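The sequence shown runs 1 to 445 under UniProt numbering. A short worksheet on the structure shown next.
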Amino acid sequence: MAKVCWPYFDPEYENLSTRINPPRVSVDNTSCSDSTLIKVDSMNKPGILLEVVQILTDLDLIITKAYISSDGGWFMDVFHVTDQQGKKITDIKTIDYIEKALGPKGQEEVTAWSGKPVGVHSVGDHTAIELTGRDRPGLLSEISAVLANLHFNVVAAEVWTHNRRIACVVYVNDDTTSRAVDDPTRLSAMEDQLKNILRGCDEDEKVGRTSFSMGFTHVDRRLHQMLFADRDYEGGIVTTEIHDPPSFKPKIRVEHCGEKGYSVVTVTCKDRAKLMFDIVCTLTDMQYVVFHATISSDAPHASQEYYIRHMDGCVLDTEGEKDRVIKCLEAAIGRRVSEGLSLELCAKDRVGLLSEVTRILRENGLSVSRAGVMTIGEQAMNVFYVRDASGNPVDMKIIEALRREIGHTMMLNVKKPPVSSREPEARGWAKTSFFFGNLLERFLA
């Protein structure tokens with residue numbers, strides 16, 4: 001069987017082939033009664049499936065079914081999608097954006113920036129900071145306080161925690177000039193203080209890491225990469241939402257398809273938004289190529305099947321490699337699970353606001369498991385998923401105390417975990433939070 005060695009894929013040949021055979025995209029609202037069909041035919045290239053899925057999920061679309069085939073030189077896939085309310089996609093602007101983003105010009109733009117390395121850089125008027133380390137109650141509050149004390153203003157952030165590890169991408173600027181900070185002395189001082197916080201009482205230098213990133217990698221993908229590099233998949237803890245029965249624990253199998261020469265990865269778990277993105281993102285970053293896939297959702301469960309090989313064309317031969325793929329996919333699924341209450345806060349933006357809010361949460365005994373922070377104009381929009389410091393459900397008396405403390409300076413909306421797996425994580429203004437990676441790219445453009 002011939003091997004497919006993606007690392008030697010010639011970009012010049014790719015560009016020529018794309019010009020000769022440009023991608024064909026169609027948005028079909030007539031063939032299916034309950035969903036919109038999005039069909040993409042394109043020249044095959046490394047990472048193309050992730051690019052397409054990323055665009056669809058960034059638009060907040062729910063993928064209910066998908067059929068993928070990219071064996072050989074051509075990539076063909078069909079996605080059944082709905083909006084967050086389970087309806088077809090009828091908005092003309094959204095359809096136009098899909099056709100352009102998945103078409104020839106859109107794919108050229110994605111190729112142009114997606115491969116850029118992560119390094120020390122400022123993004124427009126913002127400096128991007130990446131943090132990974134051991135999670136503990138109050139850590140986000142401590143990080144926010146350091147940034148405020150050093151006169152950095154947080155304009156956006158996304159925070160994930162999983163298996164007692166934390167990863168966050170924070171965008172800051174100078175609290176006086178509102179410009180990116182490039183002073184090496186000032187950045188070094190911030191890095192030292194943040195490392196001390198991440199290290200905590202542990203003297204192990206590997207416990208926490210701080211870096212300044214170029215910021216061109218999709219935020220959700222970057223958070224997956226950071227936690228993967230931090231080996232959060234070790235430890236044997238599989239995250240399920242606190243109100244879910246044991247049947248929702250992800251079931252993942254890796255088998256060999258001898259007839260076709262593939263390894264088959266089968267995933268069955270609770271359905272939720274961005275599930276396909278998280279799985280494809282992880283397989284891609286682990287250097288596996290998806291040749292065929294079938295995705296289906298029968299709420300509240302989802303079933304996904306991927307036919308894969310390693311980039312060098314080899315299948316997963318050893319039990320150790322299979323076990324690692326299973327653990328990494330379990331971690332990828334668990335990272336976006338939102339345990340506990342969702343607190344949506346909207347307030348007039350001001351310097352130190354995030355530090356103040358996270359301090360109030362910490363003083364009320366609340367631990368943040370996931371967070372999204374964004375500033376639009378003069379309004380700061382924050383979403384925090386919280387539990388008590390012991391990881392248990394939050395006593396509503398604490399929430400009432402929280403309401404009294406923030407008074408009339410902030411609008412607070414409290415949401416319990418959704419009963420339906422298809423219920424959106426956040427409604428209203430909270431949909432503009434940083435749980436949607438495309439908004440980060442647009443915000444920083």
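Note that the Cβ used here is the ideal one computed from N, Cα and C, for glycine as well. From a predicted model like this one, the values you see are computed outputs, not experimental measurements.
If I measure Cβ to Cβ from residue i and keep anything under 7 Å in the same chain, skipping five residues before and after, which residues do I get?
| i | result |
| --- | --- |
| residue 464 | Within the shown structure, residues of the chain are numbered from 1 to 445, placing residue 464 beyond reach of any answer. |
| Asn364 | Ile398, Ala401 and Leu402 |
| Val373 | Val154, Ala156, Ala157, Leu354, Asn382 and Phe434 |
| Ser35 | Thr64, His80, Val81, Thr82 and Lys88 |
| Ser26 | Lys39 |
| Glu405 | Ile360 |
| Lys322 | Val254 and Leu316 |
| Asn196 | none |
| Gly138 | Arg362 |
| Glu191 | Thr210 |
| His256 | Ser263 and Val315 |
Assuming residue i and residue j form a contact by the criterion Cβ under 8 Å, report the distance between their Cβ atoms to the nearest whole angstrom.
| i | j | result |
| --- | --- | --- |
| Thr159 | Leu140 | Rather than Thr, the amino acid found at residue 159 in this sequence is Val. That pair is a contact at about 6 Å. |
| Arg134 | Arg165 | 6 Å |
| Ser355 | Ala148 | 4 Å |
| His162 | Ala371 | The Cβ separation is near 13 Å, so there is no contact. |
| Ile129 | Thr185 | Wrong, their Cβ atoms sit about 16 Å apart, outside the cutoff. |
| Asn173 | Thr217 | With 8 Å as the limit, Asn173 and Thr217 do not qualify as a contact, their Cβ atoms being about 20 Å apart. |
| Val386 | Leu341 | 6 Å |
| Val267 | Val325 | Incorrect: roughly 11 Å between the Cβ atoms, too far for contact. |
| Val169 | Arg136 | At roughly 19 Å, the Cβ-Cβ gap does not stay under 8 Å, so Val169 and Arg136 are not in contact. |
| Leu131 | Leu198 | 7 Å |
| Phe277 | Gln54 | 6 Å |
| Arg309 | Tyr288 | 7 Å |
| Ala302 | Leu275 | 6 Å |
| Cys281 | Pro250 | 16 Å between Cβ atoms; not a contact. |
| Ser70 | Leu50 | Wrong, their Cβ atoms sit about 12 Å apart, outside the cutoff. |
| Leu59 | Thr90 | Actually they do not touch by this definition, with Cβ atoms about 13 Å apart. |
Who are the near neighbours of residue i in its chain, counting only those whose CB is closer than 8 Å to its CB and skipping five residues on each side?
| i | result |
| --- | --- |
| Pro23 | Val40, Asp41, Ser42, Met43, Leu102, Gly103, Pro104 and Gln107 |
| Ser31 | Leu37 |
| Ser369 | Thr161, Ser338, Glu339, Gly340, Tyr385, Val386 and Arg387 |
Relative to the ligand MG, is the shortest distance from any of its heavy atoms to the C-beta of residue i smaller than 7 Å?
| i | result |
| --- | --- |
| Ile406 | Because no ligand of any kind appears in the structure shown, any question about the ligand MG cannot be addressed here. |
Could you check what DSSP says for residue i in three-state terms: helix, strand or coil?
| i | result |
| --- | --- |
| His126 | strand |
| Tyr262 | strand |
| Asp58 | helix |
| Ile68 | strand |
| Ile143 | helix |
| His224 | helix |
| Glu241 | Legend: pLDDT at Glu241 = 49, less than 50; position of this residue unreliable, no value from coordinates given. |
| Gly73 | coil |
| Lys88 | coil |
| Arg231 | coil |
| Ala180 | coil |
| Lys251 | strand |
| Cys32 | coil |
| Lys270 | strand |
| Ala2 | Because the pLDDT at Ala2 is just 43, under 50, the model does not fix this residue reliably, and the value given afterwards should be weighed accordingly. Note: Ala2 maps to coil in three-state DSSP. |
The alpha helix (DSSP H) that contains residue i, what's its start and end?
| i | result |
| --- | --- |
| Arg199 | Pro184 to Arg199 |
| Glu99 | Ile92 to Ala101 |
Residues in its own chain within less than 6 Å of residue i by CB, not counting five upstream and five downstream?
| i | result |
| --- | --- |
| Tyr233 | Lys327, Cys328 and Ala331 |
| Tyr306 | Val265, Val290 and Ala293 |
| Thr358 | Leu140, Ser141 and Ser144 |
| Asp175 | His151, Asn153 and Val351 |
| Gln193 | Val146 |
| Ala380 | Ala347, Asp349 and Leu353 |
| Ser296 | Lys65 and Ser303 |
| Ala167 | Thr132, Trp160, Leu223, Met226 and Leu227 |
| Met396 | none |
Between which two residues does the beta strand (DSSP E) holding residue i run?
| i | result |
| --- | --- |
| His162 | Phe152 to His162 |
| Cys168 | Arg165 to Asp174 |
| Thr36 | Thr36 to Met43 |
| Val337 | From DSSP, Val337 is part of no beta strand (DSSP E); its letter is neither H nor E. |
Those runs of the beta strand (DSSP E) which lie wholly inside the region 280-323 and span at least 3 residues: The qualifying runs are 288-298 and 301-310.
Continuous alpha helix (DSSP H) assignments of at least 4 residues falling wholly in the UniProt domain "ACT" (342-422): With a minimum length of 4 residues, the continuous alpha helix (DSSP H) runs that stay inside the UniProt domain "ACT" (342-422) are 353-363 and 396-406.
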